[in-house]
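Residue numbers (this note's numbering), protein chains in the order written: chain A, 1 to 393; chain B, 1 to 254.
One structure is given below, encoded as C-alpha cells.
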Amino acid sequence: MSYFVDKKGYYGEFGGAFIPEMLYPNVKELEENYLKIMQEPSFQQEFQDLLKEYVGRPTPLFFAKRLSEKYNTKIYLKREDLCHTGAHKVNNTIGQILVAKRLGKTRIIAETGAGQHGVATATVCALMGIECVVYMGEVDIARQAPNVARMKMLGAKVVPALSGSRTLKDATNEAIRDWINNPVNTHYIIGSVVGPHPYPDMVARFQSVISEEIKKQLLEKGHTENPDYVIACVGGGSNAAGAFYHYLDEEKVNLIAVEAAGLGIHSGESAATSILGKEGVIHGSKTLLMQSTDGQITEPYSISAGLDYPGIGPLHAHLYKSKRAEFISITDAEAMRAGLELCELEGIIPAIESAHALAVFNMKKFKKSDVVVLNLSGRGDKDLDTYVKYFKL
Amino acid sequence: MNRINQKLQENKKLLSIYFTAGFPKINDTVTVIENLEKSGIDFIEIGLPFSDPLADGPTIQASSTKALGNGMTSEVLFNQLKNIRKTVKIPLIIMGYFNPMMQYGVENFCKKCAEIGIDGLIIPDLPVDVYNNDYKTIFKKYGLINVFLITPQTSSERIQFIDKISDGFIYMVSSSSVTGSQNAFGKVQDDYFKRIADLYLKSPQIVGFGISNAETFKKATKYAKGAIIGSAFVKYLDKNGTANINNFVSGILD
C-alpha cells in the first residue's frame, strides 16, 4: 500500500480536488508547476538557505531526560517550537512564498484560526515585500488579539470572516472566495495538509524537513534512524504530516496521531474527527469530517485553537482507515496537565496543541527500550492566557 | 424529451431565477416556485442550502444560513416538492453543493429528484472529470441533466470538452467572482461572450452571476440564450417576502 499521493491527487479513497470551476485554472496551474519548481536547484538553494538562516533549522532533537525517567522510556522532543515565529508553520509558508514568486504572483492570501499560520504567512510576505491579506473568523479575532496585532505589525491586512460560525472553516471559505475573485495575480497559502490537490502533498513536502532531520539526528545520537514511535498532534495535520513523512513506508515505525477530544469525545464539544467524522467533502478535499446526518459541516471544539478544524487532511484520513497510524484522542484537561508537566520537568512551555501529544504518555505504556520521538510543534507563549485562566496562576 | 431541452428550443431569450429553499420561511419553497412560474419566467433553480457555500457571495450565504436555521434539509425539501408537478410545468433544477448529496447517497438523491420531476442539477463543487468518471451513469439512469459552469478563465479547449459532455445548457459565469457581485458588463464580458459565441458550441449558454435588472439581463442575453438571476431575487425575497414576486419579474422582462 502506498501512503503517498497518487497521480490523480488521492490518498487511497481520500483527497482529490472538489473545487468549483472558477478555481480550476488556479489549482491546475499550481498542480502542473509545484513539483517542477520544488526540484529547481535555485529553489532548493533559496529554500534551504532560508530554513537555516531565517527559520533557525535544523531544530534540535532534545533528549527529555526527566520526562523519560518518569515514563520509563526514551523520549526525544523535536523542537519545532524553536522555529522563528514559534511553530512549524513557517516551514510551509517559506516554501509556498517561493513557489508563489516563481509563478509570478504579486498578492498572497491565507486563512488562520488561532493566528499562527497567519503570523507565519505575514512574516514571509514582509520578508519578500509582497502584499498579504489574512482571513480570520470574527470570533477568533476577538480571542486571539496578540496574533492579530503581530500580523498587523508585519504589514498584513486582517479581514474578519463574518459568515457561518465565524471561525477557521469560515475564514477558509472566505480565502477561497477571495481566490475566486482574484484568480490571476493571487496565490493562496493554505496552512495545513488540507484543501484540494496539490495542497496536501505540497504542504506535506515542505513540512517533511522535520522527519528528514529526525532521521539524521537519531543516527548522531547513536540510534538507528528509525525510532519505535513518532507522536504528533493533528488538527488539519501539517506537523504530523511532516513528522511522519519519511517514516510512512517504514512499517516498523509506529505512528501516533493525537486528536483533541475537547470536553470528551461524545460530549458534543470535541474535535476528534477520526471518531466523530464521516467521509465527505470539505474545502475541496474528500476526507473525514464532522458533519450532521444531512451533510452540513459542524463546528468542532477544543481548548486549543489550532486543533478545532472539522476535518483532517486526506493523508491522515488514509492513515486512519488503513490503520497505518494509531489515533488517540486527548481531552482539554489531559492536555493542560501534560503541558504543565513539561514546564515542570523540562523547562519548556509547550503550545496547547503540542500538549495534546504529550498527554499520550499518560494514556499508553511504552517499553523502557523504546525510542519515542514527539514532535513539539509549537511554543506556548501564545497560550499563556489560556494557561493562566485554566490553572488560576 | 427533458423539459430543459424542450425549453431551450423555444425561440426566445430565457430567464431563470434562483432562490434558496426554505427562505425566508421554511414553508415558502412551494409558494415561491408557483409564483415564479405564474410571473412568466422560463425555469427555476432551487437552492439546496449548505453550511459552507464556497462559490457564493454574502447574500446567498446568509439566505442559506437562515434556511438551515429554519430546518431545511434534503429530506425536508423532497417532502415539500412531493406534489410540485401537479401545479408547475416549467423546468426545475436543484442547485446545491456536493457534500449533502453525498450524505444522502448520490443515487438516492438522483432517484428522489426523478420521482419528483426535477429536470437537472447544478453542483458547483463536483468537478467535471469526477462527474464524468463516477456519476454520469447514475444521472443518465434517472434522466437528470447535469449543468456545468465555465468562467472567463476557462480555456477554449476545456470549454469544448465541457460542451461535448453537456446534455442541456452551459452555465456561463459572467466574471471571475462569487455570486452576487456587482460587476458591470464591460469590455471583458463582451470579449468573453464573443469568444464563446465563436466556438459554435452545441450546447446553448445561459449567463449567470452579476445579473440583477432589465439592463444587465439584456446585456447578458445579447450573445447567450438566456440569463440567471440569483442574489438580486434572494434580496427581494428577504425584503418583501413571497408576496408580489411578479413585480420583481416584470421589472426584468418588460
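No residue lacks a Cβ here, since even glycine has one placed at the ideal position from N, Cα and C.
Computed from a predicted structure; not experimentally measured.
Just confirm the distance between the C-beta atoms of residue i and residue j, as a whole number of angstroms; I'd bet it's less than 8 angstroms.
i                  : j                  : result
Thr-151 of chain B : Glu-21 of chain A  : 6 angstroms
Gln-291 of chain A : Gln-103 of chain B : 7 angstroms
Ile-330 of chain A : Thr-386 of chain A : About 15 angstroms separates the two Cβ atoms, so there is no contact after all.
Ile-316 of chain B : Ile-84 of chain B  : Residue coverage of chain B in this structure runs from 1 to 254, which leaves residue 316 of chain B outside it and unanswerable.
Leu-393 of chain A : Val-193 of chain A : Between Val-193 of chain A and Leu-393 of chain A the Cβ distance is about 34 angstroms, and since that is not below 8 angstroms, they are no contact.
Ile-312 of chain A : Gly-378 of chain A : About 18 angstroms separates the two Cβ atoms, so there is no contact after all.
Val-133 of chain A : Asp-178 of chain A : 7 angstroms
Ser-270 of chain A : Ala-261 of chain A : 5 angstroms
Ala-351 of chain A : Ala-87 of chain A  : 7 angstroms
Glu-341 of chain A : Leu-307 of chain A : That pair is no contact at about 19 angstroms.
Glu-46 of chain A  : Asn-239 of chain A : The Cβ separation is near 23 angstroms, so there is no contact.
Gly-113 of chain A : Cys-83 of chain A  : Not really, about 18 angstroms apart at Cβ, beyond 8 angstroms.
Leu-248 of chain A : Tyr-71 of chain A  : Contact flag wrong, Cβ pair sits at about 26 angstroms.
Residue i: which of the options sits nearest, CA to CA?
i                  : options                                   : result
Arg-3 of chain B   : B:Pro-24, B:Gly-57, B:Ser-64, B:Ile-145   : B:Ile-145
Gly-105 of chain B : B:Asn-79, B:Glu-75, B:Pro-124, B:Ile-116  : B:Glu-75
Leu-253 of chain B : B:Phe-217, B:Ser-231, B:Asn-5             : B:Phe-217
Asp-364 of chain A : A:Glu-334, A:Ile-352, A:Phe-391           : A small correction: the amino acid at residue 364 of chain A is Lys; Asp does not occupy that position in the sequence shown. Among A:Glu-334, A:Ile-352, A:Phe-391, the Cα nearest to that of Lys-364 of chain A belongs to A:Glu-334.
Val-147 of chain B : B:Ser-174, B:Ser-203, B:Asn-247           : B:Ser-203
Ser-156 of chain B : B:Pro-124, B:Leu-199, B:Ile-93, B:Gly-57  : B:Leu-199
Gln-6 of chain B   : B:Ile-90, B:Leu-68, B:Ala-220             : B:Ile-90
Ser-231 of chain B : B:Ala-55, B:Leu-14, B:Thr-87              : B:Ala-55
Thr-186 of chain A : A:Glu-250, A:Thr-106, A:Phe-14            : A:Thr-106
Ile-210 of chain A : A:Tyr-320, A:Tyr-24, A:Leu-61, A:Glu-279  : A:Leu-61
Glu-115 of chain B : B:Asn-11, B:Met-95, B:Gly-143             : B:Gly-143
Lys-101 of chain A : A:Leu-67, A:Gly-115, A:Tyr-188            : A:Tyr-188
Arg-150 of chain A : A:Phe-391, A:Lys-382, A:Leu-51            : A:Lys-382
Val-5 of chain A   : A:Lys-78, A:Leu-319, A:Gln-144            : A:Leu-319
Tyr-11 of chain A  : A:Tyr-309, A:Val-90, A:Ala-317, A:Cys-233 : A:Ala-317
Pro-124 of chain B : B:Thr-137, B:Asn-132, B:Tyr-97, B:Ser-166 : B:Tyr-97
Ser-267 of chain A : A:Pro-146, A:His-84, A:Ala-161, A:Asp-332 : A:Asp-332
Arg-66 of chain A  : A:Leu-23, A:Leu-77, A:Asn-92              : A:Leu-77
Ser-250 of chain B : B:Ser-212, B:Lys-219, B:Ile-94, B:Thr-221 : B:Ser-212
Asp-370 of chain A : A:Leu-384, A:Ile-231, A:Leu-276           : A:Ile-231
Applying the 10 Å Cβ sphere with the 16-neighbour rule, what's the burial state of residue i?
i                  : result
Glu-220 of chain A : exposed
Tyr-236 of chain B : buried
Phe-18 of chain A  : buried
Ser-274 of chain A : buried
Gly-40 of chain B  : exposed
Ala-142 of chain A : exposed
Asn-362 of chain A : exposed
Leu-8 of chain B   : buried
Asn-240 of chain B : exposed
Ala-214 of chain B : exposed
Gln-39 of chain A  : exposed
Ser-64 of chain B  : buried
Lys-187 of chain B : exposed
Gly-137 of chain A : buried
Met-153 of chain A : exposed
Asp-170 of chain A : buried
Pro-200 of chain A : buried
His-283 of chain A : buried
Ala-357 of chain A : buried
Leu-14 of chain B  : buried
Arg-324 of chain A : buried
Arg-166 of chain A : buried
Thr-87 of chain B  : exposed
Lys-89 of chain A  : buried
Pro-41 of chain A  : exposed
Leu-255 of chain A : buried
Gly-69 of chain B  : exposed
Quiz item: Counting Cβ pairs, one atom from each stretch, are 3 or more of them under 8 angstroms apart for the region 95 to 107 of chain A and the region 189 to 206 of chain A?
Solution: Touching, per the Cβ criterion.
Quiz item: Do the region 202 to 221 of chain B and the region 174 to 183 of chain B meet, that is, are 3 or more Cβ pairs less than 8 angstroms apart?
Solution: yes
Quiz item: What are the residues of the region 303 to 320 of chain A that lie near chain B, defined by any Cβ-Cβ distance shorter than 8 angstroms?
Solution: none
Quiz item: Mind listing which residues of the region 40 to 54 of chain B have their C-beta closer than 9 angstroms to chain A's C-betas, in chain order?
Solution: Pro-49, Phe-50, Ser-51, Asp-52, Pro-53, Leu-54
Self-check item: Meets three-Cβ-pair contact criterion under 8 angstroms: the region 340 to 347 of chain A and the region 294 to 310 of chain A
Solution: Not touching, per the Cβ criterion.
Quiz prompt | Short-range partners of chain B found in the region 273 to 295 of chain A, where Cβ spacing is below 9 angstroms | solution = Lys-278, Glu-279, Gly-280, Val-281, Ile-282, His-283, Gly-284, Lys-286, Leu-289, Gln-291, Ser-292, Thr-293, Asp-294, Gly-295
Practice problem: Could you tell me whether the region 150 to 165 of chain A touches the region 23 to 31 of chain B, using the rule of 3 or more Cβ pairs below 8 angstroms? | Solution: They do not touch, by the three-pair rule.
Exercise. With 9 angstroms as the limit, tell me which residues of the region 95 to 108 of chain B have their beta carbon closer than that to any beta carbon of chain A; keep them in chain order.
Key: Residues of the region 95 to 108 of chain B whose Cβ lies closer than 9 angstroms to any Cβ of chain A, in chain order: Tyr-97, Phe-98, Asn-99, Pro-100, Met-101, Met-102, Gln-103, Tyr-104.
Exercise. Name, going along the chain, the residues of the region 178 to 203 of chain B whose beta-carbon falls closer than 9 angstroms to a beta-carbon of chain A.
Key: The region 178 to 203 of chain B vs chain A, Cβ under 9 angstroms: Val-178, Ser-181.
Quiz item: What residues in the region 120 to 132 of chain B bring their beta carbon closer than 8 angstroms to a beta carbon of chain A?
Solution: Pro-124, Asp-125, Leu-126, Pro-127, Val-128, Val-130
Quiz item: In the region 143 to 157 of chain B, which residues sit with their C-beta less than 8 angstroms from some C-beta in chain A, listed in chain order?
Solution: Phe-148, Leu-149, Ile-150, Thr-151, Gln-153, Thr-154, Ser-155
Self-check item: Interface positions of the region 179 to 190 of chain A facing chain B (Cβ-Cβ less than 7 angstroms), listed along the chain
Solution: Ile-180, Asn-181, Pro-183
Quiz item: According to a CB-to-CB cut-off of less than 7 angstroms, which residues of the region 65 to 77 of chain B neighbour chain A?
Solution: Thr-65, Leu-68, Thr-73, Ser-74
Practice problem: Identify each residue in the region 158 to 176 of chain A for which the Cβ-Cβ distance to at least one residue of chain B is less than 9 angstroms, and report them in chain order. | Solution: Leu-162, Ser-163, Gly-164, Ser-165, Lys-169, Asp-170, Thr-172, Asn-173, Ile-176
Self-check item: chain A contacts made by the region 159 to 178 of chain B, where a contact means CB separation under 8 angstroms
Solution: Val-173, Ser-176, Ser-177, Val-178
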